[in-house]
Structures are given as C-alpha cells and as structure tokens.
Amino acid sequence: MSRSRARTLRARLALTACVLWLAGVEGLPAVHEALHGGLAEHRHDGGSIVVTSFEDTTHRHPDGTIH
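In structure tokens form, the structure reads like this:
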C-alpha cells in the first residue's frame, strides 16, 4: 500500500470515527429528548440503566418511595 493511500485510509477512518462519536454522544440523546413524550413511560435515575414500564406498575417500597 502506498503512503498516500494509507494516509487517505487513516483520514477516512478518523472521519468515520468522529461522525459515529458525534451521533452517539450528541445526536442520539437529542433525538431521545425530542421524542421523550411519545416514548414508552420510563425514568432516568442518573445512571446508564433506563427502566421501562409498559403497564401501570406504581407501587410503594418499604422505605416509602413510590414509583
């Protein structure tokens, strides 16, 4: 592989990685927020796990919290 071809491949790989990163970190959360009202009922507890409920599952825990 020639030197210029290798540089072109590296540049394309870097551009692809940048676009994928921007989509995952910036784009998809923005789309999620825009569609938040129409999505299934769910909550965010500050972590990476999202709890989804498709039916009425409100209940009280021993510590008094209701969700």
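Take any residue in the sequence shown, note its place counting from 1, add 21, and you have its number in the numbering used here. Heads up, the beta-carbon is just placed ideally off N, CA and C, and yes, glycines get one too. Just so you know, these numbers come straight off a predicted model, no measurement behind them.
Residue range of the alpha helix (DSSP H) that includes residue i
i          : result
residue 32 : 24 to 43
residue 60 : It is not in any alpha helix (DSSP H) - residue 60 carries neither H nor E in the DSSP assignment.
residue 3  : Nothing about residue 3 can be read from this structure; the chain reaches only from 22 to 88.
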